[in-house]
Each structure stands twice: as C-alpha cells, then as structure tokens.
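Residue numbers (our numbering), protein chains in the order written: chain A, 105 to 354; chain B, -7 to 223.
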Amino acid sequence: MTIETFLLSIPMAIAAGLVGCFVVMRRMALAADALSHVALPGIGVALALHINPIFGAAAMLFFGALLVWAAEEKARVSTETIIGVLFSVALAVGSMMTSGEDLIEALFGNAGALSWPEICFSLAASGAVVAFVVTQRNRLVVMLVSPDVARTAGIDVQRLNLLYLATFALTIALGLRYLGVLLMGALIIIPAATAKRLARNLTAMLVVAVAIAVAATVAGTWLAHGLHGETGPLIVIVAAWCFLLSLLRR
Amino acid sequence: MDNTLEVDHLSVRFGDVEVLKDLSFQVAKGSSLAVIGPNGAGKTVLFRALIGAVPFDGTIRWMPGARIGYVPQKLDLERDVPITGMDFLRARARLTRTPDAHIAHALDLVGISRKVCEGMIGTLSGGQFQRLLIGFALLGDPSVLMLDEPTGGIDEPGQKRLNELIRRLQEERGLTVLFISHELSVVYQYATDVLCLGHRRACFGPPRKILTPDLLYEIYGAPVDYHVHDH
C-alpha cells in the first residue's frame, strides 16, 4: 500500500463512521451490508469496458440506492424485501460477470496504488459525505424520530431520504478499494453499532463512531503491513474487537 | 378564509381498501376538533392525509400561513438510540433559527425539566415524551396543534395534567387544536366539534349532537358509556 492510499483511507473511515450512525439508528444495518453487493455487477461491467472499476461500482450503487428509495416511497415495499430479492440477484449476476483474481479483489478489496482519478474521487466523495452529515444532521435527527413530525416541520422527507441513500451509496463506493464488496458494509455498521452502545447523546455517538472507524482502519492497515496479510479483513477484525469490548459495558 | 381548515370530499385508498370515503368538514380558527371512532376507522390516516403524508382524493385547504405542530401517537424508536430530548429540541431550534433560550421557555411551558430532556428519548415515560413532542411543536410557533391520542398509555393524573396543558396553550396562544381521542368525556368537555368516523359512515357536528347513545351505538356497534363533567 502506498502512503497516499493509506492517507486516503482516513477520510473514507471518517465518512463510514458518520454515515454508519444514521444507518444503525435507522435499523438499516442489513441494508448496508447488502447494498454493497450491488457494486459487483458494476465492477464487472467496468472491467469489461476497461474503465476504472470504482466508477462502475459507484454507478451501480447509486442505481441500487434509487431502487431502495423508489420501493420505499412509491411501491410501499419493505426495504428487507427489496434487499432479499434484488441484492442477492446482483451478487449472482456480478459473480458471473467477474472471474478469477478480479473477483477476489472485488469481494475483499485490494489497497494497491491509486490512480489520479481515484484520488480525486476519494477526496471529493469523502468531503461530500462529511458535508452532508454535518449540514443535514438536524433534519436527519427529526426524520429519524418521526418522518411525520419532520414533514410538519417543513422538511422534504422524500428528498432527504433520497440524498441520505445516495450518500450511503457513495460511502460504500469509497471503501470498496480497501474492504471490497463483502466487507465494506462492516466498516459502516460495526463502529456505529459500538458507538451506539457507548454514547449517551448524538454528538458522542458521531465522535466515537468516527474514532473507532479511523482507529480500526489505521490499526488494520498497520497489522496487514506487519503480517503481510490482506488489509480489509484485518480492519474488520479490529473493528469487531472494539464491538466485543463494548459489550463488557453494561 | 375564516376557517383554519376546510376539507371537501376527502377519500383515502390503500390498494383495494378505501379507508376514508367522501369526508367533508371545517375547523374554525381557535376551535377544537375531536376525531373519534372505533379502532381501524381511519383516524390516524385522516391526520396523516391532513399533513400530506399519504396520497388522497378530494380537497384539503389550510388557512394561508398555517403552521402545524404535529404530535404523533407513538414512535417506532428503539429505547437505546442515543438521541436525547435536548438533541431533538436543539435540532428543531437550529432548523427554525430559534435561539437556545426559547428551548428553556418551551420546556417551562410544557412542564418538563431540562434534566429529564438530557435523557435518551427512548427512556422517557409516555407523559414526558408527549410533553417533549408538544415542546418541539411549540418551537415552530404553531397556529395549529394536531394530537393523535395524546394521553394514550398515560396514567389518569398524567392524562388530566396533559389535557389541562393543551387547553392552557390553546387559550394563551389562540391555537386551533385537532385531537384524536377515545375518551368521550374529554371530548364532550373540550371539543367545539366532533368528527366521528365509523366503518360505514362518518358524522360531524357539535358534541351534544354527535355524542348521543343512538349515534355512538351505530358507529361503534356496541353501547358506549361516558361520564359528562358539568361545570
């Protein structure tokens, strides 16, 4: 892993920690995991067209987020149903379109050298995710407590929900390089789930989730370097240890 | 427009099920409308249609500039979500660009301490939570308060205090109040008009005209007793 790849993993972890808090509080942990699978067909198409896989993945993730939004808002179908059917199909189609080493990299990540377009994308996307959570935090809180109360408080709930899902998709796209399709959901969910157990107010939850996501990313990367192992699984194992330790607190 | 709300031929349908059919009523400015009826008659659906949360046919006209404070019946929120009452109120204050001092004033008005509000929302009692939601609504300086069973799940002294709080706020601020209730004695005592939703038909009028044994029997399908407080 190059130094710029390592440094760019930190804004990615910050974004994952922040978005993860609202994912966990909205009980969308399963969606975080499953939505990341949608990236796989996008990676397959991008590889076939000889373009950077992250852009194919990002396009498919936005499409997946749009489908979840449309299903919830328009068709009134539960998110779980959509996940159960569609995202499993995405994984099946994606694994057919990708093969060999490309498939392993897509599933578990490969934090090698980054191209300039990837560096620019990572910086812009991380900034966009952090800016969204910081500026929309109050609207997200009211919508979380009650979408109906949010409506009467002048919040465009449908639009905010779409933007939230798009931000969620962008966060997954950010981490695919490091953790892959199968593990990125874990970096969104585990630090936030740990913070939920430890925090007593929203600010504390956001701070703790970001701290754990960054610490797990840095420690996982360091361990991977020392043990000559894969970065993604070690980041997730460190995050999982933090969660297990949080269980000790009553 | 003399009325705060005018509803004409309102219908709400979910698939093949018509929950509300051809409802028409008006709510005068500063008055209280009680919505009553058996479970499943569409009371909450009516409220959600009025705030634009469900699609409907017909016409809903709010007085221009009406600001709605909505207090839902219950929330689907886990007990351990680390959002405190103060997080919730601060979010509202930031959105309406209201100074933090107004939060303290709203808490005084609804009779809930700051210390209680520092606790997580999921751990508040039913009465505390309803007061928090009313305080949240007051931060938006509402002209209309909509309450969906505000005293549901609250003990009797708590119900009395909450009903008195709503009346006091209505008088002091000239609010128009729409409330859903199963307590017919409270409806009789406080409502200017009653909208009674039945599975087959709905009726609208002053309490003395609507809360008659025959009409209630027809709507609820069983005899309904309630105690009238005469003052």
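Ideal placement from N, C-alpha and C gives every residue a C-beta, glycine not left out.
Check: Would you say Ile211 (chain B) faces chain A, with C-beta separation under 8 angstroms as the test?
Finding: no
Margin query: Rounding to the nearest angstrom, what Cα-Cα distance links Val318 (chain A) and Leu327 (chain A) in this structure?
Written below: 14 angstroms
Check: Checking contacts by CB at 8 angstroms: is Val249 (chain A) closer than that to chain B?
Finding: yes
Next item on the list: Compare the C-beta of Ala175 (chain A) with all C-beta atoms of chain B and state if any pair is closer than 8 angstroms.
Entry: no
Next item on the list: Note the first and the last residue of the continuous beta strand (DSSP E) segment covering Leu172 (chain A).
Entry: According to the sequence provided, residue 172 (chain A) is Val. The question's Leu does not apply to it. Counting along the chain, Val172 (chain A) falls outside any beta strand (DSSP E), though it belongs to the alpha helix (DSSP H) covering 157 to 174.
Check: Given that a residue counts as buried once 16 or more other Cβ atoms are within 10 Å of its Cβ, and exposed if not, what is Glu141 (chain B)?
Finding: buried
Checklist line | Contact under 8 angstroms by Cβ, Ala257 (chain A) with Leu99 (chain B) | finding: Contact: no.
Notebook entry, point to check: Near Ala308 (chain A), what residues of its chain come up, given a Cβ to Cβ distance below 6 angstroms and the 5 sequence neighbours on each side ignored?
Noted result: none
Checklist line | Unbroken alpha helix (DSSP H) run spanning Met129 (chain A), endpoints | finding: 107 to 129
Checklist line | Which of helix, strand or coil DSSP assigns to Met55 (chain B) | finding: coil
Item checked: Selection of the stretch 293 to 307 of chain A by Cβ proximity to chain B, strictly under 9 angstroms -> Ala299, Lys300, Arg301, Leu302, Ala303, Arg304, Asn305, Leu306, Thr307
Margin query: Spatial neighbours of Asn156 (chain A) within its chain, please: C-beta separation below 8 angstroms, excluding the five flanking residues on both sides.
Written below: These residues qualify, in order along the chain: Ala150, Ser219, Pro221, Glu222.
Margin query: For a test of the three-state rule: what should DSSP assign to Asp260 (chain A), helix, strand or coil?
Written below: coil
Check: How would you list, in chain order, the residues of chain A whose beta-carbon sits under 7 angstroms from the beta-carbon of Tyr180 (chain B)?
Finding: Chain A residues near Tyr180 (chain B): none, gap ~28 angstroms exceeds 7 angstroms.
Note to self: Relative to the C-alpha of Arg301 (chain A), which candidate in B:Val73, B:Gln122, B:Pro199, B:Ile146 has its C-alpha closest?
What the structure shows: Ranking the options by Cα distance to Arg301 (chain A), first place goes to B:Val73.
Notebook entry, point to check: For the candidate residues A:Ala138, A:Asn214, A:Phe225, whose alpha-carbon lies nearest to that of Ala194 (chain A)?
Noted result: A:Ala138
Note to self: Three Cβ pairs or more, each shorter than 8 angstroms: is that satisfied between the stretch 26 to 40 of chain B and the stretch 101 to 121 of chain B?
What the structure shows: no
Checklist line | Interface residues of the stretch 118 to 145 of chain A facing chain B [CB-CB below 7 angstroms] | finding: Met129
Check: Could one say the Cβ of Ile52 (chain B) lies closer than 8 angstroms to chain A's Cβ atoms, at least one of them?
Finding: no
Next item on the list: Going by DSSP, name the residue or residues bridged to Asp68 (chain B).
Entry: Answer by DSSP bridge pairing: none, since Asp68 (chain B) is not bridged.
Next item on the list: Return yes when the Cβ of Thr335 (chain A) is within less than 8 angstroms of the Cβ of Gly213 (chain A), no when it is not.
Entry: yes
Next item on the list: Say whether chain A places a C-beta atom closer than 8 angstroms to the C-beta of Gly114 (chain B).
Entry: Output row for Gly114 (chain B): interface = no.
Note to self: Let me check you understand the geometry: is the CB of Asn265 (chain A) closer than 7 angstroms to at least one non-hydrogen atom of the ligand MN?
What the structure shows: Within the structure as shown, the ligand MN is missing, as the structure has no ligands at all.
Checklist line | Straight-line gap, Tyr180 (chain B) to Pro215 (chain B) (C-alpha atoms, nearest Å) | finding: 17 angstroms
Item checked: In chain order, each alpha helix (DSSP H) run of at least 4 residues that lies wholly inside the stretch 175 to 207 of chain B -> 176 to 182, 199 to 202
Notebook entry, point to check: At what residues does the beta strand (DSSP E) containing Lys13 (chain B) begin and finish?
Noted result: 9 to 20
Note to self: Pull the bridge partners of Val(-1) (chain B) from the DSSP assignment, please.
What the structure shows: B:Phe17, B:Ile52
Notebook entry, point to check: Of all Cβ atoms in chain A, is any one closer than 8 angstroms to the Cβ of Ala45 (chain B)?
Noted result: yes
Check: Should Glu209 (chain A) go down as buried or exposed, given a rule of 16 or more other Cβ atoms within 10 Å for buried?
Finding: buried
Margin query: I'd like to know if the stretch 164 to 180 of chain A and the stretch 227 to 235 of chain A are in contact, where contact means that at least 3 CB-CB pairs between them fall below 8 angstroms.
Written below: no
Check: Should Arg241 (chain A) and Ile259 (chain A) be called a contact, given that it needs their Cβ atoms to be closer than 8 angstroms?
Finding: No, the Cβ-Cβ distance between Arg241 (chain A) and Ile259 (chain A) is not below 8 angstroms.
Note to self: Relative to the C-alpha of Ile158 (chain A), which candidate in A:Cys346, A:Leu211, A:Val342, A:Ala297 has its C-alpha closest?
What the structure shows: The option with the nearest alpha carbon to Ile158 (chain A) is A:Leu211.
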